[in-house]
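**Q** Chains as they are written, first to last, in my numbering: chain A, 5 to 482; chain B, 5 to 482.
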């Protein structure tokens, strides 16, 4: 019974979704709390997920011409203040360094909450001619935002992310890059994380401080709430003007370049947990799982058992991230651990299996168990991993699509938001006042004005009844 | 003549080595200065070097069982103060965050200068039994030390590094890990960066704040100065005791575990420049070069030239990091750029070469030029890259070995340090006083007590004449 310990301590997600989430995060050893208030520790199992996400995303970036750089951690106050909307958005939530090397600083510096200002400061120095454009830089780093309430992966005072910052000759090219990077994010989530998303544009109220347009991918968690999973911003030439970035154009005149930025963070690990996890623990899509297959020896002290397990790992599973669990814990414990940690497949091999030339394969996502012949392992396992990857995506897609409701009347809207976990599609007049009213009444926010499936479902704003301008996806959000 | 601009502006290294270094760093676009005093910007060419170093080192780490994690950026003052020697070493050079989210913090926090204290804080929570040992964690991050004078890559207020922090059951195991990681660093420098190093132990004066022993790899720059290129520390159980980290041993009693830490930083990029660079610019060893081969089309507007260049890149140079420079600048400019940026090889292909079924190959390290047949490219280029890699190492080794001098008398010692660029081997009594005298007289410091070639060359301390305890490598250092 002690073997079950790893599972027993998880709260059921139907009972208390928030506690279920925290339980998984702790029990699967993804993170730990630190002595630094509001900051978290990424443990090996959690950080390995981020490494895989980085690897997959960075390859996509480089294929589109992105170059990685690294900018300073600190932003002098005067630099942060250069663009008015931006400083208003971020100043209240930054951390300030006021002393260094035993002395009070002449000018205080914040720890970067995001680095538009630093990139502009650099671009001012290195962009002189249209020949210097475009500049498509990105950095992988941590940023700090002084959040009051925090949750592992979803909201913490320091988090890991990438931030891309680009400069272009024309507004069209900037717009194209903004959309391109949103599509890169959506593709990463779909293909590697098996998470479907809704792409769309943020309202003025929800857009990034200083941007002219913010695009977003919104994912739906198992409890029906939204998680904004990546954003891409078009800045127009606002920052460029504020920072005096000018280049000599093809017409031999001075122009301001057009700017974008885009970011995806360790929040996506929260999405992985809340889209795919179940009451036994984490469920990881094979492409992103640090361990794809765990081989559990049965009666491992019997001669030959461990040898066969290792032989299968080395000879039949080349190119697959596999480990043989030869620790001295019981098979039952190892099964429970596979489930808690979300390894997509486990292979059980015992003396009888070896006699019969067989092994037992167990899927994490469906708990399905199948006995296969040893000589099938080489072809069956890679195929099964692909099947799991696509099944997980299809299930998540089915969940997303079946949890979106239409509302044309406000009472209906409120009832849906209140009673049905999921998103509600409803028309909006375009005024922030209605967003504020809806948020006050229901806690739901406008997630986005979707790029697809956005035909009007009524001609009136669901809230005020005035003429509608946009179809909006509404939902409660993390 | 304008084509030569990229080269013309470099100071000769014999004239002014420091200026030569700064010129390369700027002209090869490795870094840029930022508006943040003492902090630098890693531009794409500089950051790509760090990415390659990370990739090569991280693979070596993982092969020895290292697991990556990420710890908070901030250290509360009370945590930093827990170990006495450590806080004395670091407190004077940290940056303090005193305000966050619009409020003064109850306890100020420093931006990590190194993370021993944070790792101890974590290990206290997760190490309970000998079964939890060893813990072999590492993180890739930036750290901040408030340096008064800074130089690109060598010394800046923020720099990038990895820091490994491990805990072990026995002092022997900790010592073994300390040496193992030093060897990993030496191997990275030798095999990938083509830089020979001297491995040894630091004196008490030069060791890390809080360590019982610090091991180092010391490289020699072209001007004969030393660059400490990686360090590995054994902490004994000092921190574990200060932090109350205890585990139940195999004897069922409580014990403190034994600790190590080890780090390698972006300083190694400085070493790459100063070991291999020449008066034409950067020279990069092929294994670490982001671009290994640049193909320069001659008369590229002539029909077929660019096609052949691209065909060679795609079909004959698979697995090699190659780029075709099809920009509209002149071949002369492209040649100069290859030299400044240190691409190991360039291939020139023009209409006459195509007619003759040939191309011209030019080595960056020796400027050697050779015409080869097109059908040789596939085998010749990979072999030549290997040859360049080993030639570069051999030249650096020859330089190191021929620039080490022995001294048994203090006058001789001072004369050597003063007149001969390089290191001096001399005996030492073991007293810090002599290190202080030597530093005051010559600006040289004890680099290490070498692991190899350390037979006594006299029985007296070169400085005070008292009985000698150790052979020491002395030198001026960055």
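Glycine residues also receive a C-beta, built at the ideal position from the N, C-alpha and C atoms.
Being a predicted model, the structure only gives us computed values, none of them experimental.
Contact defined as beta carbons within less than 8 Å: I believe residue 551/B pairs with residue 278/B. What is the distance between those atoms, to the nearest angstrom?
**A** Here chain B has residues from 5 to 482 only, and residue 551/B is not among them.
**Q** So, under 8 Å CB-CB, residue 316/B and residue 351/B are touching, yes? Tell me the CB distance rounded to an integer number of Å.
**A** Residue 316/B sits at position 312 when you count from the first residue of the second chain. Residue 351/B sits at position 347 when you count from the first residue of the second chain. The Cβ separation is near 7 Å, so the contact holds.
**Q** For residue 42/A, count the other beta carbons within 10 Å of its own beta carbon; 16 or more makes it buried, fewer makes it exposed. Which is it?
**A** The count along the first chain starts at 1 and reaches residue 42/A at position 38. Residue 42/A comes out buried.
**Q** Strictly under 8 Å for the Cβ-Cβ distance: is residue 74/B near chain A by that measure?
**A** To locate residue 74/B, count along the second chain from 1; it is residue 70. Yes, because at least one Cβ of chain A sits closer than 8 Å to the Cβ of residue 74/B.
**Q** Can you confirm whether residue 487/A, when its beta carbon is compared against all beta carbons of chain B, has any partner nearer than 8 Å?
**A** Outside the modelled stretch of chain A, which goes from 5 to 482, sits residue 487/A, for which no answer is possible.
**Q** Candidates 233/A, 463/A, 334/A and 377/A: which alpha carbon is nearest residue 411/A's?
**A** The residue given as residue 411/A occupies position 407 in the first chain. Residue 411/A has its Cα closest to that of 463/A, out of 233/A, 463/A, 334/A and 377/A.
**Q** By the 10 Å Cβ neighbour count, where 16 or more other Cβ atoms means buried, how is residue 338/B classified, buried or exposed?
**A** Within the second chain, residue 338/B is the residue found at index 334, counting from 1. Residue 338/B comes out buried.
**Q** Rank 340/B, 408/B and 446/B by C-alpha distance to the C-alpha of residue 419/B and give the top, closest one.
**A** Residue numbering aside, residue 419/B sits at position 415 when the second chain is read from its first letter. Residue 446/B is the option with its Cα nearest to residue 419/B.
**Q** For residue 150/B, return the contacting residues in chain A, with the cut-off set at a CB-CB distance below 7 Å.
**A** Translated into the one-based positions of the second chain, residue 150/B becomes position 146. Near residue 150/B (Cβ distances below 7 Å), the residues of chain A are 104 and 105.
**Q** DSSP beta-bridge partners for residue 474/B?
**A** Translated into positions along the second chain, residue 474/B becomes position 470. Note: residue 474/B sits in a beta bridge opposite 432/B.
**Q** So residue 239/A and residue 204/A are in contact, right, with Cβ under 8 Å, and what is the actual spacing, rounded?
**A** Against the first chain, residue 239/A aligns to sequence position 235. Against the first chain, residue 204/A aligns to sequence position 200. So it is not a contact: roughly 19 Å between Cβ atoms.
**Q** Bridge partners of residue 172/A, per DSSP?
**A** In the first chain, the residue the question calls residue 172/A occupies position 168. Its beta-bridge partners are 262/A.
**Q** Is residue 264/A buried or exposed, if buried means 16 or more other CB atoms sit within 10 Å of its CB?
**A** By 1-based counting over the first chain, the position of residue 264/A is 260. Residue 264/A comes out buried.
**Q** Given residue 425/A, which residues of its chain have a CB within under 6 Å of its CB, disregarding the five upstream and five downstream residues?
**A** By one-based count along the first chain, residue 425/A stands at place 421. These residues qualify, in order along the chain: 227 and 228.
**Q** So with Cβ pairs under 8 Å, would you call residue 258/B a contact of chain A?
**A** The residue given as residue 258/B occupies position 254 in the second chain. Cβ-Cβ to chain A under 8 Å: no for residue 258/B.
**Q** Which chain B residues sit within Cβ distance under 7 Å of residue 78/A?
**A** Stepping through the first chain from its first residue, residue 78/A is reached at position 74. 40 and 43, listed in chain order.
**Q** For a contact defined as C-beta to C-beta under 8 Å, what are the partners of residue 48/A on chain B?
**A** Sequence index remark: in the first chain, residue 48/A carries index 44 (1-based). Going along chain B in sequence order, the residues near residue 48/A (Cβ under 8 Å) are 71, 72, 73 and 141.
**Q** Measure from the alpha carbon of residue 111/A to the alpha carbon of each residue in 39/B, 461/B, 468/B and 189/B, then state which is nearest.
**A** Taking the first chain and counting its residues from 1, the one referred to as residue 111/A is at position 107. Per the Cα distances, 39/B.
**Q** Excluding the 5 residues preceding and the 5 following residue 190/B in the sequence, name in chain order all residues of the same chain whose CB lies nearer than 6 Å to its CB.
**A** Within the second chain, residue 190/B is the residue found at index 186, counting from 1. Hits under 6 Å: 201, 203 and 221.
**Q** Pick from 474/B, 442/B and 180/B: whose alpha carbon is nearest that of residue 456/B?
**A** Here residue 456/B corresponds to residue number 452 of the second chain, with the count starting at 1. The shortest Cα separation from residue 456/B among 474/B, 442/B and 180/B belongs to 474/B.
**Q** Roughly how many whole angstroms lie between the Cα atoms of residue 98/A and residue 79/A?
**A** Numbered from its first residue, the first chain carries residue 98/A at position 94. Numbered from its first residue, the first chain carries residue 79/A at position 75. Near 10 Å, if we compare the C-alpha coordinates of residue 79/A and residue 98/A.
**Q** Nearer than 7 Å: is that true of the beta carbon of residue 58/A relative to any heavy atom of the ligand ADP?
**A** The model depicted lacks the ligand ADP and carries no ligand whatsoever.
**Q** By Cβ distance, which residues of its chain are closer than 7 Å to residue 131/B, with the 5 residues on each side in sequence left out?
**A** Position 127 of the second chain, counted from the first residue, corresponds to residue 131/B. Excluding sequence neighbours, residue 131/B sits near 137, 139, 171, 249, 251 and 261.
**Q** Would you grab the beta carbon distance between residue 329/A and residue 300/A for me? Rounded to a whole angstrom, and I think it's under 8 Å.
**A** Here the question's residue 329/A lines up with position 325 in the first chain. Here the question's residue 300/A lines up with position 296 in the first chain. Right, the Cβ-Cβ distance comes to about 5 Å (below 8 Å), so this counts as a contact.
**Q** Checking contacts by CB at 8 Å: is residue 96/A closer than that to chain B?
**A** As a position in the first chain, residue 96/A is number 92, starting the count at 1. Yes, residue 96/A counts as interfacial toward chain B.
**Q** If you compare alpha carbons, which of 459/B, 18/B and 451/B is closest to residue 235/B?
**A** Taking the second chain and counting its residues from 1, one reaches residue 235/B at position 231. Nearest option by C-alpha distance: 451/B.
**Q** Identify each residue in the stretch 251-276 of chain A for which the Cβ-Cβ distance to at least one residue of chain B is less than 8 Å, and report them in chain order.
**A** So the list is empty, because no residue satisfies the distance condition.
**Q** Check whether the stretch 421-440 of chain B and the stretch 387-400 of chain B are in contact - that is, three or more C-beta pairs closer than 8 Å.
**A** In short, these stretches do not touch, since the Cβ pair count stays below three.
**Q** One question on the structure: do residue 64/B and residue 188/B come within less than 8 Å of each other, judged by their Cβ atoms?
**A** Numbered from its first residue, the second chain carries residue 64/B at position 60. Numbered from its first residue, the second chain carries residue 188/B at position 184. The answer is yes: Cβ separation under 8 Å.
**Q** Who are the Cβ neighbours of residue 344/A in its own chain at under 6 Å, not counting the five residues just before and after it?
**A** Against the first chain, residue 344/A aligns to sequence position 340. Answer for residue 344/A: 10, 31, 32 and 285, listed in chain order.
**Q** Got a sec, what are the start and stop residues for the alpha helix (DSSP H) residue 126/B sits in?
**A** As a working note, residue 126/B is residue 122 in the second chain. Run containing residue 126/B: 120-130, per the alpha helix (DSSP H) assignment.
**Q** Using a Cβ-Cβ distance under 8 Å, would residue 129/A count as near chain B?
**A** Residue numbering aside, residue 129/A sits at position 125 when the first chain is read from its first letter. Closer than 8 Å to some Cβ of chain B, the Cβ of residue 129/A qualifies, so yes.
**Q** For residue 83/A, return the contacting residues in chain B, with the cut-off set at a CB-CB distance below 7 Å.
**A** In the first chain, the residue the question calls residue 83/A occupies position 79. Correct list: 39.
**Q** Could you name the residues of the stretch 162-182 of chain A whose beta carbon sits closer than 9 Å to any beta carbon of chain E, in the order they occur along the chain?
**A** No chain E is present in this structure, whose protein chains are A and B.
**Q** Does DSSP classify residue 371/B as helix, strand or coil?
**A** Within the second chain, the letter at position 367 stands for residue 371/B. Three-state result, residue 371/B: coil.
**Q** Assuming residue 168/A and residue 73/A form a contact by the criterion Cβ under 8 Å, report the distance between their Cβ atoms to the nearest whole angstrom.
**A** As a position in the first chain, residue 168/A is number 164, starting the count at 1. As a position in the first chain, residue 73/A is number 69, starting the count at 1. That pair is no contact at about 10 Å.
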